[in-house]
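Below: the structure, in structure tokens.
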Amino acid sequence: MKVFLADLVHSYVPAVGTSYEGGNEAGFVVPYGIASIASYAKKIFGSAIDVSLYKFPNDLLQACADCMHPPDVIGFSNYVWNSHLNLAIGTKLRQQFPNALIVVGGPSVQADESGIESYLKLNRFIDICVMHEGERPFAEILGYMLKSRKTFITESRPIKNTGFLSPNGQLICTPNIRFEQLDELPSPYLMGELDCFMSKGFVPLFETNRGCPFQCAYCAWGIAALNKIRKFPMDRIFAELNYVSKKMPNAPTWFFADANFGILRRDVEIAQRIREIKNKNSVLKTIVIYESKNTPKRNLEIAKLLRNQSSEKVHRMDNALIALQTLDPVAQEATKRSNIKLGNIAEKVDRYQAEGYGVRTDILSGLPRETHDAHLDTLRKVFAYHFDQIGIYNVVLLPGTEMATQSFRDTHHTLTKFFTRDGYWGEYDGIRSVESEEVICGNSAIPPEDLLNLRLLHWAIWFGWNHKFLKPMLRYASDVFNKNPADVLYSLVKGEGGSFNEDMRSFFKGLRSGYCAEFFESPESLRQYYFQDTNWTLLKSATQKPTHLMYNAKLIRDQKLFKSMLNALQEIILLPDSDSADYKEICRLVLLMRVEPDAIFAGHIEDRIFISMPSHLARYFFEGIREVESETSVFTLQKTTGEQDDIRKNLILKSYVDNPLSAICSTIGLIPNAFTYDLVCTKFEA
Numbered sequence: 002m003k004v005f006l007a008d009l010v011h012s013y014v015p016a017v018g019t020s021y022e023g024g025n026e027a028g029f030v031v032p033y034g035i036a037s038i039a040s041y042a043k044k045i046f047g048s049a050i051d052v053s054l055y056k057f058p059n060d061l062l063q064a065c066a067d068c069m070h071p072p073d074v075i076g077f078s079n080y081v082w083n084s085h086l087n088l089a090i091g092t093k094l095r096q097q098f099p100n101a102l103i104v105v106g107g108p109s110v111q112a113d114e115s116g117i118e119s120y121l122k123l124n125r126f127i128d129i130c131v132m133h134e135g136e137r138p139f140a141e142i143l144g145y146m147l148k149s150r151k152t153f154i155t156e157s158r159p160i161k162n163t164g165f166l167s168p169n170g171q172l173i174c175t176p177n178i179r180f181e182q183l184d185e186l187p188s189p190y191l192m193g194e195l196d197c198f199m200s201k202g203f204v205p206l207f208e209t210n211r212g213c214p215f216q217c218a219y220c221a222w223g224i225a226a227l228n229k230i231r232k233f234p235m236d237r238i239f240a241e242l243n244y245v246s247k248k249m250p251n252a253p254t255w256f257f258a259d260a261n262f263g264i265l266r267r268d269v270e271i272a273q274r275i276r277e278i279k280n281k282n283s284v285l286k287t288i289v290i291y292e293s294k295n296t297p298k299r300n301l302e303i304a305k306l307l308r309n310q311s312s313e314k315v316h317r318m319d320n321a322l323i324a325l326q327t328l329d330p331v332a333q334e335a336t337k338r339s340n341i342k343l344g345n346i347a348e349k350v351d352r353y354q355a356e357g358y359g360v361r362t363d364i365l366s367g368l369p370r371e372t373h374d375a376h377l378d379t380l381r382k383v384f385a386y387h388f389d390q391i392g393i394y395n396v397v398l399l400p401g402t403e404m405a406t407q408s409f410r411d412t413h414h415t416l417t418k419f420f421t422r423d424g425y426w427g428e429y430d431g432i433r434s435v436e437s438e439e440v441i442c443g444n445s446a447i448p449p450e451d452l453l454n455l456r457l458l459h460w461a462i463w464f465g466w467n468h469k470f471l472k473p474m475l476r477y478a479s480d481v482f483n484k485n486p487a488d489v490l491y492s493l494v495k496g497e498g499g500s501f502n503e504d505m506r507s508f509f510k511g512l513r514s515g516y517c518a519e520f521f522e523s524p525e526s527l528r529q530y531y532f533q534d535t536n537w538t539l540l541k542s543a544t545q546k547p548t549h550l551m552y553n554a555k556l557i558r559d560q561k562l563f564k565s566m567l568n569a570l571q572e573i574i575l576l577p578d579s580d581s582a583d584y585k586e587i588c589r590l591v592l593l594m595r596v597e598p599d600a601i602f603a604g605h606i607e608d609r610i611f612i613s614m615p616s617h618l619a620r621y622f623f624e625g626i627r628e629v630e631s632e633t634s635v636f637t638l639q640k641t642t643g644e645q646d647d648i649r650k651n652l653i654l655k656s657y658v659d660n661p662l663s664a665i666c667s668t669i670g671l672i673p674n675a676f677t678y679d680l681v682c683t684k685f686e687a
């Protein structure tokens, strides 16, 4: 029996009009999920099944066009980044193979009965949905297919953790079963299922356990069926790590899919083994993990083990994550985050920073029962805790989560709209696909207008604090005038202060309008818009970027506009009759740190500039500096020739002359500090 399994990704290259297939796979992760399903199925059925795995749309379409015998079963793994792609290609394959059984599973499948029924009735080409983990239910489906083809559907025979429509349209569904231990699941790596993907440079993905004890309503891990943590055997984990390190000695990055790495004591042992492998392999630099919520001491121990040398990076380790989401107890209760320990946040941040780590947090906007003032208070607190980065995200309703159910929406009067998932679109054998995300734009606690106002503040925090363009003066405002950066930036985006000139008013008016224009009432209206030939051509040109990125680029390119922002901030920050000398000196240095796009494109910037400043201002530019006895600090502004060449090449590749703002957006996506000098403290002078 022939089985095709697809874990598809959008692989379209806009500027070329082709796909990544054929040598540029390094940015994509191996299809671990479907490989695990295939491994378990082969363990059960052996040579009775022939399973093929696909990651790229064109590979799947070509295989379907070339096959002499049609596939008996086609399975799609559903995520927020490929849901429409699966629907578009699945519809075509249903027409091509009317007798095939089409299965859809994965985390982005509705887990409640009403959601499953609506999904199946809306997408009639799908025969059956698999909820939660797929190995066992998919194997049971294959067992029925081997014995009697699709008769289990016509006879309405239930299969655990699946949902399908009987011939009379009745939903046959048995969700939310208790899962067993994972020992019987074979390793897709050790069975060789992922060898062909690793040989092409796909990024390795590991899982050492499954499940999450937390029940966050917005997260797919939070559903009750997945609350129990189950562990893969340690000998399997170590064997996989060794296997991949030998198969892919040139892999610079490893991903781990665990929801809470560090939640188990044995995770320290796993980190030790990774450290041993990294010591032997200088190429492996980046380990992507998601830390446990309630084990800060163990997280720090793991961080020390995985901390890299020289230029290496550990994602969310060298910048350790303390994911707060919200500090409003009412919203915490509404989203079932009450069992996550948030005490002693300041102590946790200080502990990481004392060890030389940056610390970031994630905050969600639009949570149920969180008012405008409560959200603003959360932002004030995270600034007061001295987080180095504050990631703020709109709440996206993910299929399969409690928050996406109709009952949850009704309870909290959730208002949503849809926008394009940036970069997740493409055209494959004439099939157009654009992915969308459903975002909360209001609820019973906060009206849409208030949420839009906060979104402008979020942009200012990303630009000013996270990208560091305004960070020194915001630190100065907090230290000298006790003004919280959240309040300073909110005053800025609201246009408060007499120095707020017409350029600034126009800038923020455009930012607000741009945000509004990104939203659509439905995914259908979004695709109807983008599938029009003119709009599709514009989308394919890759010059259309999200509003927040384009407005970053405007300020990066326009020094006059940026100076207007600094002037507006001066009136917001300084008290009446304050001496402005220090603020002006900070602004002078911030302007010197800018790398002007036109200048670097033309090759007209220095790779090293020496500057001096009063030492008492150094603390606003450098992490960890508190008091300096000397009067003057000497700094070096650096942008090496190699760095300049990389930036210039990317600007040329992205057509800077014709589309400067789009090229800047693409460049900072790859090189976040492309348009600022690195600031190095050379010495302090008495």
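Using the numbering used here, the first residue of the sequence shown is number 2, and each one after it goes up by one.
Just so it is clear, CB atoms sit at the ideal spot from N, CA and C, and this is done for glycine as well.
Best match in the options for proximity to residue i [C-alpha to C-alpha]
| i | options | result |
| --- | --- | --- |
| L567 | P577, S579 and R589 | R589 |
| I264 | E302, P253 and V245 | E302 |
| P524 | H549, T421 and G511 | T421 |
| S119 | V360, G401, I103 and V396 | G401 |
| K472 | I574, M69, E438 and C174 | I574 |
| F508 | D351, D480 and N553 | N553 |
| R609 | F126, Q639 and G91 | Q639 |
| G431 | A324, I90, K43 and D51 | I90 |
| D480 | F384, L306 and D646 | F384 |
| F636 | G643, Y678 and I648 | Y678 |
| K247 | N228, K279 and W222 | K279 |
| R595 | Y621, I557, P615 and I45 | I557 |
| A347 | W460, H387, I672 and I665 | H387 |
Limits of the unbroken alpha helix (DSSP H) element including residue i
| i | result |
| --- | --- |
| P615 | Run containing P615: none in the alpha helix (DSSP H); it sits in the beta strand (DSSP E), R609 to P615. |
| Q333 | P330 to A335 |
| S691 | Past the edges of the chain, shown from 2 to 687, lies residue 691, and the structure says nothing about it. |
| N568 | Q560 to I574 |
| W460 | P449 to I462 |
| E436 | First-last for E436: I432 to G443, but that is the beta strand (DSSP E), not the alpha helix (DSSP H). |
| I154 | T152 to T155 |
| Q639 | Segment T633 to Q639 is the beta strand (DSSP E) holding Q639; no alpha helix (DSSP H) there. |
| K472 | K472 to F482 |
| N242 | Strictly speaking, residue 242 in this sequence is Leu, with Asn absent from that position. Taken as a continuous stretch (DSSP letters only), the alpha helix (DSSP H) holding L242 covers M235 to K248. |
| N536 | D534 to K541 |
Residue i burial status per 10 Å Cβ neighbour count (16 or more: buried)
| i | result |
| --- | --- |
| H11 | buried |
| S311 | Because S311 carries a pLDDT of 47, less than 50, the predicted location of this residue cannot be relied on, and the following value inherits that uncertainty. It counts as exposed. |
| N536 | exposed |
| D268 | buried |
| L539 | exposed |
| V681 | exposed |
| G106 | buried |
| Y584 | buried |
| P598 | buried |
| A600 | exposed |
| D128 | buried |
| Y425 | buried |
| A687 | Low confidence applies to A687: its pLDDT is 44, below 50, so where it sits in the model is not reliable, and the reading given next is rough at best. Answer is exposed; the Cβ neighbour count stays below 16. |
| L618 | buried |
| D236 | exposed |
Endpoints, the beta strand (DSSP E) within which residue i is located
| i | result |
| --- | --- |
| C213 | Counting along the chain, C213 falls outside any beta strand (DSSP E), and DSSP gives it neither H nor E. |
| W255 | T254 to F257 |
| E428 | L416 to Y429 |
| Y55 | D51 to Y55 |
| G164 | T163 to L166 |
| L6 | K3 to A7 |
| V131 | I129 to V131 |
| L172 | L172 to C174 |
Expected contact under 8 Å - CB spacing of residue i and residue j to nearest Å
| i | j | result |
| --- | --- | --- |
| D329 | G359 | Not confirmed; about 25 Å, so no contact. |
| L700 | Y219 | Summary: the structure shown does not reach residue 700, with the chain confined to residues 2 through 687, and so no result is reported for it. |
| V289 | I323 | No, V289 and I323 are not in contact; Cβ-Cβ is about 17 Å, not under 8 Å. |
| F126 | T92 | 5 Å |
| L307 | Y244 | Contact doesn't hold; Cβ gap of about 20 Å is too wide. |
Q | In chain order, each alpha helix (DSSP H) run of at least 4 residues that lies wholly inside the segment 262 to 323 | A | Counting whole runs of 4 or more residues, the segment 262 to 323 contains the alpha helix (DSSP H) stretches 268 to 281 and 297 to 307.
Q. Which full runs of the beta strand (DSSP E) of 3+ residues lie inside the segment 72 to 118, going along the chain?
A. Runs of the beta strand (DSSP E) inside the segment 72 to 118: 74 to 78 and 102 to 106.
Q) What beta strand (DSSP E) runs, 3 residues minimum, are completely inside the segment 338 to 417? A) Here the runs fully enclosed are 359 to 366 and 390 to 395.
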